[in-house]
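Report on the structure given below.
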Amino acid sequence: MSTTTVEPGTEERMLVTPSSHVGFDSITSQIEKRLLKRGFQFNLMVVGQSGLGKSTLINTLFASPLVTSYGRTNPTEAVERTPEIKVERCYIQENGVKLKLNIIDTPGYGDQVNNEKCWEPIVKYIYDQQASYIRRELTASREKYPVDTRVHCVLFFIQPTGHGLKPIDIAVLKRLTEIANVVPVIAKSDSLTLDERAQFKQTIQAEIAHHNLKIYPYPNDEYDEDERALNDRIKSQIPFAIVGSDRTVLVNGREVRGRKNRWGVINVEDETHCEFSSLRNFLISTHLQDLIDTTAHTHYEAFRKRQLTALKENSRDREASSATTSATAPAPPTTGVSTATQGPFIPSLAPGVPPTNPSQAPPRPTVAPPVPIPKD
Ligand SMILES: Nc1nc2c(ncn2[C@@H]2O[C@H](COP(=O)(O)OP(=O)(O)O)[C@@H](O)[C@H]2O)c(=O)[nH]1
Ligand SMILES: [Mg+2]
Numbered sequence: 001m002s003t004t005t006v007e008p009g010t011e012e013r014m015l016v017t018p019s020s021h022v023g024f025d026s027i028t029s030q031i032e033k034r035l036l037k038r039g040f041q042f043n044l045m046v047v048g049q050s051g052l053g054k055s056t057l058i059n060t061l062f063a064s065p066l067v068t069s070y071g072r073t074n075p076t077e078a079v080e081r082t083p084e085i086k087v088e089r090c091y092i093q094e095n096g097v098k099l100k101l102n103i104i105d106t107p108g109y110g111d112q113v114n115n116e117k118c119w120e121p122i123v124k125y126i127y128d129q130q131a132s133y134i135r136r137e138l139t140a141s142r143e144k145y146p147v148d149t150r151v152h153c154v155l156f157f158i159q160p161t162g163h164g165l166k167p168i169d170i171a172v173l174k175r176l177t178e179i180a181n182v183v184p185v186i187a188k189s190d191s192l193t194l195d196e197r198a199q200f201k202q203t204i205q206a207e208i209a210h211h212n213l214k215i216y217p218y219p220n221d222e223y224d225e226d227e228r229a230l231n232d233r234i235k236s237q238i239p240f241a242i243v244g245s246d247r248t249v250l251v252n253g254r255e256v257r258g259r260k261n262r263w264g265v266i267n268v269e270d271e272t273h274c275e276f277s278s279l280r281n282f283l284i285s286t287h288l289q290d291l292i293d294t295t296a297h298t299h300y301e302a303f304r305k306r307q308l309t310a311l312k313e314n315s316r317d318r319e320a321s322s323a324t325t326s327a328t329a330p331a332p333p334t335t336g337v338s339t340a341t342q343g344p345f346i347p348s349l350a351p352g353v354p355p356t357n358p359s360q361a362p363p364r365p366t367v368a369p370p371v372p373i374p375k376d
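Using UniProt numbering, the first residue of the sequence shown is number 1, and each one after it goes up by one.
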């Protein structure tokens, strides 16, 4: 057995190299076996006007007919009044790996004449999932693996106008990037020439920088050099100019996923035609776990911190006010309901929703939804 001391400053531990094989190097395969049995959960939200190819892209990404279009297919159909959220749950399997997918569609987004606050149901949905997770975590008898419905990635579809982001896009992006991993894509990029596409991308990148929009992936000290280089490359490519298709077409006797028009065929997986492959590699092959981790460690953590701080402040305020009341006023008539059974409660922290009694409301954080605290 040989022993060496670990360099000072790293960790106060002796590095011991066993003289023969012990077997703990199999821990990674033990973990892998367990993870494979449990499967993986990935929750992907698509946001963008109807008709931009959101459903088609989902089917293209997973090479499966997972979702159907909820958009309006004929002009007599009423425009959805609110961006009603629809969740498609399915699971797909590849080489023994089970991926449980929740596809969250926002069909009516941005389709109104007045789109003011059209992001509210989307923001509320994201918060609701975080609140539901916190509730699961805070119950006395916690589930071993709480169901995770937190949104891991928001694919934001930009209309291929060639003129940059619309004010509504900026307003929505500002809100969504604060609470989730947002990846913008240029929808239906086959409608732009290569020059127009390059120019459009530059304009959008400049707008992202100008408005300081925090687009995923974020800088992280834990990344090594290779990961940082990969993220820099991805950053320079964002927004991905994509083309989707849920059909296959024949090119040189080979079936490819693509779109056929009068001028020829667009092979969606061909890098010289569009950036769909880069987007799929990024989302699924290289960053799937990072998207899940960043949701848990960055977005959910921020939400949890805000909620628990507000809860603590609220209960401190209530203790202080009840101490003042009992010191200065006669005891109120008993209602038969003890405060202990009512449990802690935050009146309302929802953006845009006024608290029931503003004078008793805790300080409002910029963004935070109501947290119904578990009763058990
Ligand atoms: N030209 C072109 N058409 C597309 C593309 N993706 C989808 N479409 C078509 O656009 C229409 C609307 O697509 P859909 O996926 O239902 O849009 P959604 O309403 O955003 O979900 C369908 O006819 C699709 O075939 C694309 O990348 N390029
Ligand atoms: Mg759709």
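Glycine included, C-beta positions come from ideal geometry on N, C-alpha and C.
Secondary structure at A140, three-state DSSP: helix, strand or coil? Here residue 140 is taken as the residue at index 140 of the sequence shown, counted from 1. A140 falls in the coil class under three-state DSSP.
Under DSSP, the beta strand (DSSP E) around F40 begins and ends at which residues? On the sequence shown, position 40 is the one that residue 40 refers to. Taken as a continuous stretch (DSSP letters only), the beta strand (DSSP E) holding F40 covers 40-47.
Whether N102 touches N43 by CB criterion (8 Å): Locating residue 102 in the sequence shown gives position 102, where the first residue counts as 1. Locating residue 43 in the sequence shown gives position 43, where the first residue counts as 1. Closer than 8 Å, so yes.
Residues in the same chain with beta-carbon distance under 7 Å from R150, minus the five sequence neighbours each way, listed in chain order, please. Looking up residue 150 in the sequence shown gives position 150. Hits under 7 Å: N43, Q129, Q130, Y133, T295, Y300.
When the Cα of I242 is compared with those of R257, S277, Y216, which residue comes out closest? Here the question's residue 242 lines up with position 242 in the sequence shown. Here the closest residue by C-alpha is S277.
Q307: which of R247, E137, F240 sits nearest, CA to CA? The count along the sequence shown starts at 1 and reaches residue 307 at position 307. The shortest C-alpha separation from Q307 is found at E137.
Say the cut is 7 Å; is the CB of V243 nearer than that to a heavy atom of ligand 1? Taking the sequence shown and counting its residues from 1, the one referred to as residue 243 is at position 243. Indeed, a heavy atom of ligand 1 lies less than 7 Å from the Cβ.
Taking all protein chains shown into account, decide if I31 is buried (16 or more other Cβ within 10 angstroms of its Cβ) or exposed. The residue labelled residue 31 in the question sits at position 31 within the sequence shown. By the neighbour-count rule (16 or more Cβ atoms within 10 Å), I31 is not buried but exposed.
Rounded to whole angstroms, what is the Cα-Cα separation between F156 and A323? Numbered from 1 along the sequence shown, position 156 holds the residue referred to as residue 156. Numbered from 1 along the sequence shown, position 323 holds the residue referred to as residue 323. Taking the straight line from one Cα to the other gives about 50 Å.
Is T56 near ligand 1, judged by its Cβ being under 7 Å from some heavy atom? For this step, residue 56 is matched to residue 56 along the sequence shown. Under cutoff, so the answer is yes.
T298, DSSP secondary structure in three states: Position 298 of the sequence shown, counted from the start, is the residue given in the question as residue 298. Helix.
Tell me whether the segment 54-67 and the segment 239-254 touch, counting them as touching only if at least three CB pairs, one residue from each stretch, are closer than 8 Å. yes
As assigned by DSSP and simplified to three states, the class of I266: Counting from 1 along the sequence shown, the entry for residue 266 is found at position 266. Three-state DSSP puts I266 in a strand.
Check: D190 C-beta below 7 Å from any heavy atom of ligand 1: As a first step, residue 190 must be located in the sequence shown, where it is residue number 190. Under cutoff, so the answer is yes.
So what does DSSP say about P217, is it helix, strand or coil? Walking along the sequence shown from the start, residue 217 turns up at place 217. It is coil, neither helix nor strand.
Can you check whether the CB of V185 is closer than 8 Å to the CB of V154? The count along the sequence shown starts at 1 and reaches residue 154 at position 154. The count along the sequence shown starts at 1 and reaches residue 185 at position 185. Their beta carbons are not under 8 Å apart, which means V154 does not touch V185 by this criterion.
As assigned by DSSP and simplified to three states, the class of I92: In the sequence shown, the residue the question calls residue 92 occupies position 92. In the structure shown, I92 sits in a strand (DSSP, three-state: E or B).
Return helix, strand or coil for V183, following the three-state DSSP convention. Sequence index remark: in the sequence shown, residue 183 carries index 183 (1-based). V183: strand per DSSP, three-state reduction.
Identity of the residues DSSP links to V243 by a beta bridge: Locating residue 243 in the sequence shown gives position 243, counting from the first residue. V243 pairs with nothing; no bridge assigned.
Could you have a look at V154 and say whether DSSP puts it in helix, strand or coil? Taking the first residue of the sequence shown as position 1, residue 154 is located at position 154. If DSSP states are grouped into helix, strand and coil, V154 belongs with the strands.
Would you kindly work out how many angstroms separate the C-alpha atoms of P121 and G164, rounded to a whole number? Residue mapping note: residue 121 aligns to position 121 of the sequence shown, counting from 1. Residue mapping note: residue 164 aligns to position 164 of the sequence shown, counting from 1. Between P121 and G164, the C-alpha separation is close to 25 Å.
For a test of the three-state rule: what should DSSP assign to E12, helix, strand or coil? For the purposes of this step, residue 12 is identified with residue 12 of the sequence shown, where counting begins at 1. Looking at E12 - three-state DSSP - the assignment turns out to be coil, as it is neither helix nor strand.
So, do the segment 140-149 and the segment 192-200 have three or more beta carbon pairs nearer to each other than 8 Å? no
Between which two residues does the alpha helix (DSSP H) containing L57 stretch? In the sequence shown, the residue the question calls residue 57 occupies position 57. It spans 54-61 - the alpha helix (DSSP H) in which L57 sits, taken as one unbroken run.
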